[in-house]
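The block underneath contains the structure these notes are about, expressed in structure tokens.
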Ligand code: 13P
């Protein structure tokens, strides 16, 4: 069975609640593609507003981060249960900006992945190499290590239901997209890694996104690749262009 494409916007630290509402309204007539899952991963402060604004549409709600703990004295943190109760379905875990700026390591991210599943959220687990790693030829080994570390203890049923986003760090916000062949090579290697950890059936089900300067101009070629099941979009998710990405097949 063909995997359903999933196009997610990662709004990062952009849009106040009132700006977020405006953006949802602008995008509303542009993101209706019945053949694609559409997700807005928004700042925590915008979740309630965006949740209200997308009511009655095909758009699903996502968060950009989540605590690895259930509840208690963790000032400033937001739990999986809080997200779920607010209508969130997906949560980005391990974005390279969190790994880099906030020193989130694989053991910590593995706890978050398990916590998301425990609470009925679907993780969008990010992985990706730096330019230095790509140039020294260790990309595939690095990605395999990230995936294997972050998925420890995840069951095959859970793995089959989740999303992995391959986001080369050098392509994020730089306007420098990976070529469709580069992206396909790594997404294919991720699928192979899933088959090694679990089995072929699980590997066929898991959805793998590409992220990194995806836009209206390059999305069609990327999304035509057999192992690329969607996109995780930063900058272009804040513009009407996002509608063109959602409708890449029209
Ligand atoms: P850009 O699309 O702005 O390069 O960001 C990609 C990204 O980091 C999505 O998570």
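Numbering (my numbering), first residue to last: 10 to 259. All C-beta atoms in this analysis are idealised placements derived from N, C-alpha and C, irrespective of residue type, glycine included.
Three-way DSSP call (helix, strand, coil) for residue i in this model
i           : result
residue 216 : strand
residue 69  : strand
residue 110 : helix
residue 206 : helix
residue 183 : coil
residue 101 : strand
residue 131 : strand
residue 150 : helix
residue 189 : helix
residue 164 : coil
residue 236 : coil
residue 248 : coil
residue 157 : helix
residue 27  : helix
residue 52  : coil
residue 60  : helix
residue 94  : helix
residue 254 : helix
residue 88  : coil
residue 225 : coil
residue 170 : helix
residue 115 : helix
residue 121 : helix
residue 78  : coil
residue 201 : helix
Which residues DSSP lists as bridging residue i, in chain order
i           : result
residue 175 : 136 and 219
residue 47  : 16 and 68
residue 241 : 17 and 220
Whole-number beta carbon distance between residue j and residue i, since they are thought to touch under 8 Å
i           : j           : result
residue 137 : residue 176 : 4 Å
residue 35  : residue 249 : 6 Å
residue 163 : residue 123 : 7 Å
Minimum Cβ-Cβ distance from residue i to chain D less than 7 Å
i           : result
residue 169 : Here there is only one protein chain, and chain D is not present.
Next on the checklist: Taking 8 Å as the cut-off, does the region 39-59 touch the region 193-209 (at least 3 CB pairs, one atom from each stretch)?
Outcome noted: no
Item to check | Validate contact between the region 14-25 and the region 238-251 using beta carbons, cut 8 Å, 3 pairs | outcome: yes
Next on the checklist: Would you call the region 90-104 in contact with the region 66-79, where contact means no fewer than 3 C-beta pairs closer than 8 Å?
Outcome noted: Yes, since at least three Cβ pairs between the region 90-104 and the region 66-79 fall closer than 8 Å, the two stretches touch.
Next on the checklist: With three or more C-beta pairs closer than 8 Å as the rule, is the region 222-232 touching the region 143-160?
Outcome noted: no
Checklist entry - Looking at C-beta atoms only, is the number of pairs between the region 80-88 and the region 100-113 that lie closer than 8 Å three or more? => result At 8 Å Cβ cutoff, the stretches do not touch.
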